[in-house]
Structure formats: structure tokens, C-alpha cells
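Engineer: Sequential numbering of the sequence shown, starting at 523, is according to this note's numbering. Note that the Cβ used here is the ideal one computed from N, Cα and C, for glycine as well.
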Amino acid sequence: MMKLLVPALAALLLAAPAMAQPAPAPAPPAATDLDARLDAARRLMEVTGAMRMAGQIMDGLETQLIQIIASANPGKEALVRSLVSDLIMPEFRARVGELEQPILRIHADAFTGAEMEELIAFYATPLGRKVLAVTPQVSQQTFTLGAAWGQRVAQDAVAKHERAIRERGIQL
């Protein structure tokens, strides 16, 4: 019985993709629909302050770049800070606008116009405003927690498997 069942199941599994009918591709949205969704996405980004958050992200990026470059250049922290602040970060800040259209398109593709209108209405409520107000600190706290956890797990894993790591010729 098993000798018959295995080939039958194999044939069925191999034939399954051929039997499955692909879902029809959705029709591309009309230009006016896309324009309306892009407009809704723009308003959603304004309500959520997404582009203002880019400034906060830039500040975090600046701090991280300074730390990374300074760690590779001990004793030159002031020079590194000046280099990053005066030369590198102005380039990021000057070009942040390049992200706007692609971000709007991502939202326009992910949500219908009606869904974005609902989100805009939600963010206008007291709860929506609270979500916007606390999200940066909740995200930062979550990131900090996750980073500390990841560091502990990595240290524990390295300590636990130190011999195997060395046997493989890896220096940590």
C-alpha cells in the first residue's frame, strides 16, 4: 500500500502547480487614481509628520556616524565630529527631499485612497495624536531594549561556543 501511496502523492504534488490557476493580475490603477492616492499619501505624511521625523533620523544618523568613525580613529573625536557635522551631514540634509516621492509612492501602492483618508482621520483624533507623540520614544526604547538583548545573547553565544569559534579560525 505504501509503495503505491508515495508515487501517487509525489505525482499529485508535482502536478499541483500546473493545476493551480494563477490569480489574474490586477489592472494598473488609472493615472487619476494614482494621483489621488499620491495626494492622500502626501496629506498622510503631513499629518503624521513623517518628513519632520527625517530631521530626527538625521540627528540619530549623525550621532551614529560620529561614534563609528571616532571608534576607528581614537584621539581624533573632535576632528571626526567636525568632519561629520560640517561635511557629511549637510549632504544628507540637502538631499533628504529625494526620498519624498518614493515614500509617497510606497504609501500610495500600499493603501487605497479610502484607507489613507481613514488614517488621516484617525491621526486627527486625540488617540491618533497620542500615537504620533509617543511613537518616537516607544520606538527608541524598543530599539534600545532590542539592542541590549541582542548584545547579551551574542555575548552568551560567543562565550558558550568560544572553543568551536576558535577551532574554525575565527577571531572575535
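1. If you reduce the DSSP assignment to three classes, tell me which class M694 lands in.
2. Can you list, in chain order, the residues of its chain whose CB lies under 7 Å from that of R615, leaving out five sequence neighbours each side?
3. Within 10 angstroms of its Cβ, does R651 collect 16 or more other Cβ (buried), or is it exposed?
4. For A680 and I692, what's the separation of their Cα atoms in angstroms?
5. Which runs of the alpha helix (DSSP H), 4 residues or longer, sit entirely within the segment 653-680?
6. Looking at I642: is its Cβ nearer than 7 Å to the Cβ of L556?
7. Sorted by chain position, which residues of the same chain lie with C-beta nearer than 7 Å to V606's C-beta, five sequence neighbours on each side aside?
8. Three-state secondary structure (DSSP) at G619?
9. With distances taken Cα to Cα, identify the nearest neighbour of I625 among A600, P596 and M573.
10. Using a 10 Å radius around the Cβ and a threshold of 16 neighbouring Cβ atoms, would you call R559 buried or exposed?
Structural biologist: Well, looking at it:
1. A small correction: the amino acid at residue 694 is Leu; Met does not occupy that position in the sequence shown. Reduced to three states, the DSSP call for L694 is coil.
2. M580
3. exposed
4. Before going on, a small fix: residue 680 reads as Val here, not Ala. Cα to Cα, V680 sits roughly 11 Å from I692.
5. none
6. no
7. E584, L587, I588 and I591
8. helix
9. M573
10. buried
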